[in-house]
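Colleague:
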Amino acid sequence: MFKVALLASGKGSNVKAIIESVKAGEIPVDIGVILSDNTSSGALEIAKKEGIKHYCIQEKRYKTILSTKTEKEYVRILKECKIDLVCLAGFMRVIKEEFLKNFYQKIINIHPSLLPAFPGLEAWKQALNYGVKFTGCTTHFVEADIDSGPIILQAVVPVLKDDTPETLHKRIQEKEHIIYPLTVKLIAEGKVSISGRKVYINI
Ligand code: GRF
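Going by the numbering used here, the residue at position 97 of the sequence shown is 97; the numbering climbs one at a time, nothing skipped.
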């Protein structure tokens, strides 16, 4: 069975959405392991509740990257668990070259904007402040530059007149919970191919 790992730092609503799709028989994968750098991440709570193997590997030295030693530990566990696809779901650490090399074209991420617009933090706030009429979310392969890899799926969310950062983020997350499980499904079923910057969905 195709094995996926879920890496998350925050509340873990995307982790939950993927697990629910797996449980509903919609995605033919095993969740091999859930990893977090944050002891109070909701993703670890969900892992415990669902009886999924999980580890918290903290990084004390840096805020946004992993030290080489810590990163090696992540890679070691992912290899040990024979992971085919690494899904970042609000994992607040930049993935460095060594990690990327070990999982070449096997790491994906979800971002709360229509990339390449608004990379980086709090993309929904950036969109609101910019005044765009539409934003959304994007799943993409992970490359060394942040939020830059080939785009897999996108969903559009209109920005409403009375939106606050919270209401907009909530509607973006509703779409995330649809396109992230779908992305995992398409990859697990071998329906996704990459050619340069372009990702083809072969269905
Ligand atoms: C999501 O908005 C995702 O786009 C971003 O981090 C957030 C994680 O949310 N990369 P959650 O922890 O899955 O609720």
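Glycine included, C-beta positions come from ideal geometry on N, C-alpha and C.
Got a sec: does the ligand GRF put a non-hydrogen atom nearer than 8 Å to the Cβ of residue 45?
Modeller: Outside the cutoff, so no.
Colleague: Following the continuous alpha helix (DSSP H) through residue 130, name the residue where it begins and the one where it ends.
Modeller: Residues 123-130.
Colleague: Rounded to a whole number of angstroms, what is the C-alpha to C-alpha distance between residue 20 and residue 161?
Modeller: Near 33 Å, if we compare the C-alpha coordinates of residue 161 and residue 20.
Colleague: For the stretch 42-120, list the alpha helix (DSSP H) runs that are entirely contained and at least 4 residues long, ordered along the chain.
Modeller: Listed in chain order, the complete alpha helix (DSSP H) runs (minimum 4 residues) inside the stretch 42-120 are 42-50, 68-80, 97-102.
Colleague: To the nearest angstrom, how far is the alpha carbon of residue 103 from that of residue 78?
Modeller: Going from the Cα of residue 103 to the Cα of residue 78 covers about 9 Å.
Colleague: Can you check whether the C-beta of residue 57 is within less than 9 Å of a C-beta belonging to chain C?
Modeller: This model lacks chain C altogether, as it is built from one protein chain only.
Colleague: Taking residue 114 and residue 156 to be in contact with their CB atoms under 8 Å, please state how far apart those CB atoms are, rounded to whole angstroms.
Modeller: So it is a contact: roughly 7 Å between Cβ atoms.
Colleague: Could you tell me the alpha carbon to alpha carbon distance between residue 185 and residue 67, rounded to whole angstroms?
Modeller: Straight-line Cα distance between these residues: approximately 32 Å.
Colleague: Please list, in chain order, all residues of the same chain as residue 10 whose beta carbon is under 8 Å from its beta carbon, the five residues on each side excluded.
Modeller: These residues qualify, in order along the chain: 38, 41, 42, 43, 90, 92.
Colleague: Going by C-alpha to C-alpha distance, which of 14, 76, 118 sits closest to residue 88?
Modeller: Nearest option by C-alpha distance: 14.
Colleague: Is the stretch 182-199 touching the stretch 116-127 in the sense that three or more CB pairs, one from each, lie closer than 8 Å?
Modeller: Result no; under three Cβ-Cβ pairs closer than 8 Å.
Colleague: Which first and last residues belong to the beta strand (DSSP E) in which residue 39 is found?
Modeller: Counting along the chain, residue 39 falls outside any beta strand (DSSP E), and DSSP gives it neither H nor E.
Colleague: I need the boundaries of the beta strand (DSSP E) containing residue 153, first residue and last residue.
Modeller: Run containing residue 153: 151-158, per the beta strand (DSSP E) assignment.
Colleague: Can you tell me where the beta strand (DSSP E) holding residue 135 begins and where it ends?
Modeller: Unbroken beta strand (DSSP E) run through residue 135: 134-141.
Colleague: The ligand GRF and residue 140: does the residue's C-beta get closer than 8 Å to at least one heavy atom of that ligand?
Modeller: No, the ligand GRF has no heavy atom inside 8 Å of this Cβ.
Colleague: Under a Cβ-count criterion, where at least 16 other Cβ atoms within 10 Å of its own Cβ denotes burial, should residue 109 be classed as buried or exposed?
Modeller: So residue 109 ends up on the buried side.
Colleague: Quick check: what's the CA-CA separation for residue 31 versus residue 6?
Modeller: Each residue's Cα considered, the two are about 8 Å apart.
Colleague: Does the distance from the C-beta atom of residue 65 to that of residue 96 stay below 9 Å?
Modeller: Yes, the pair counts as a contact, with Cβ atoms nearer than the cut-off.
Colleague: Would residue 112 and residue 169 qualify as a contact pair, given that the criterion is a beta-carbon distance under 9 Å?
Modeller: Yes, the Cβ-Cβ distance between residue 112 and residue 169 is below 9 Å.
Colleague: Can you check the stretch 163-198 for any alpha helix (DSSP H) of at least 4 residues that lies completely inside it and give the ranges in chain order?
Modeller: Runs of the alpha helix (DSSP H) inside the stretch 163-198: 165-188.
Colleague: Is there at least one non-hydrogen atom of the ligand GRF closer than 8 Å to the beta-carbon of residue 125?
Modeller: No, since every heavy atom of the ligand GRF falls outside the 8 Å radius drawn around the Cβ of residue 125.
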